[in-house]
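Q:
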Amino acid sequence: MRYYIFIAALLVCLTSTAPNHAETGNAVNHCISINNDTERLLCYDRLFRPHKDVKTPEAVKTEKEPAKAPVRSASSAVTPDHSSRDQIRENNFGKVIHEDATDSIESILAGNFKGWGRNSVFVLENGQTWRAVSSNARTKKLPKALIKPKVTISRGAFGSYNLKIEGVRGKLKVRRVDD
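Under my numbering, read the sequence shown as residues 2 to 180, first letter to last.
#1: Give the straight-line distance between the Cα atoms of alanine 78 and aspartate 87, rounded to the nearest whole angstrom.
#2: Just mark serine 161 as buried or exposed, buried being the case when its beta carbon has 16 or more other beta carbons within 10 Å.
#3: Just mark serine 74 as buried or exposed, buried being the case when its beta carbon has 16 or more other beta carbons within 10 Å.
#4: Among Cys32, Ile33 and Asn127, which has the Cα closest to the Cα of leucine 106?
#5: Which value, in whole angstroms, describes the spacing of the CA atoms of arginine 47 and isoleucine 35?
#6: Cβ atoms of valine 152 and serine 108: under 7 Å apart, would you say?
#7: Could you check the C-alpha separation between serine 135 and serine 84 for me, to the nearest Å?
#8: What residues in its chain sit with their C-beta under 6 Å from that of arginine 3, if we drop five residues either side in the sequence?
#9: Please report the straight-line C-alpha distance between arginine 50 and leucine 11, rounded to a whole angstrom.
#10: Tell me whether alanine 133 sits in a helix, a strand or coil according to DSSP, three-state version.
#11: Quick check on isoleucine 33: does DSSP put it in helix, strand or coil?
#12: In terms of alpha-carbon separation, which member of Lys149, Asp38 and Ile89 lies closest to asparagine 113?
#13: Could you tell me if isoleucine 154 is buried or exposed, where buried requires 16 or more neighbouring beta carbons within 10 angstroms of its beta carbon?
#14: Please list the terminal residues of the continuous alpha helix (DSSP H) segment that includes phenylalanine 114.
#15: Assuming valine 169 contacts phenylalanine 123 (C-beta within less than 8 Å), just tell me the rounded distance between them.
Right, here's the structure in full:
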């Protein structure tokens with residue numbers, strides 16, 4: 002019984018769209034027969050993109066040019082302070098900002114470092130807070146605590162960040178916590 006219902010529904014769908022295909026075929030043949038390139042392109046545009054306004058070549062020629070931005074003189078240009086720009090980049094490192102071009106930062110870990118585990122939080126002296134995000138972050142305990150070790154956070158693959166602690170082998174994937 003299901004088989005017959007499926008066949009009947011399929012036949013209804015195919016027969017209801019057949020007239021539309023015939024009309025489209027005739028229109029395509031008309032577009033093919035046009036010799037002028039721009040007119041042929043406009044014919045195809047009218048046929049396959051009816052929901053958009055198709056402009057004729059005359060309408061395109063008569064459109065106004067967009068207004069141009071005023072040109073600044075060289076004397077009115079402001080020279081940026083490079084040290085403040087670097088400070089801003091360092092403060093924004095790890096935030097989701099597409100203009101951030103810094104590949105890595107170096108800072109000092111606040112307090113003593115004894116090791117890490119899953120979801121460990123690292124507070125840096127520059128005020129940034131980072132959390133371990135590796136699902137396979139094994140617990141790493143050091144036999145001797147490091148006092149304020151130097152750390153480097155660098156970009157990894159696919160927008161990730163890696164934390165490297167001076168004096169410790171290996172890297173750890175981290176994510177910035179604070180905004």
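Using N, Cα and C, we set each Cβ at its ideal position, and we do this for glycine too.
A: Put simply:
#1: Annotation note: pLDDT 49 at alanine 78 (below 50); position unreliable, no value reported.
#2: exposed
#3: With a pLDDT of 48 at serine 74, under the threshold of 50, the modelled position of this residue cannot be trusted; read the value that follows with caution. Exposed: under 16 other Cβ atoms inside 10 Å.
#4: Note that residue 106 is isoleucine in the sequence shown, not leucine. For the residues Cys32, Ile33 and Asn127, the minimum Cα distance to isoleucine 106 belongs to Asn127.
#5: 14 Å
#6: yes
#7: 34 Å
#8: none
#9: 27 Å
#10: strand
#11: helix
#12: Lys149
#13: buried
#14: Phenylalanine 114 -> not in any alpha helix (DSSP H); beta strand (DSSP E) instead, spanning 113 to 117.
#15: That pair is no contact at about 12 Å.
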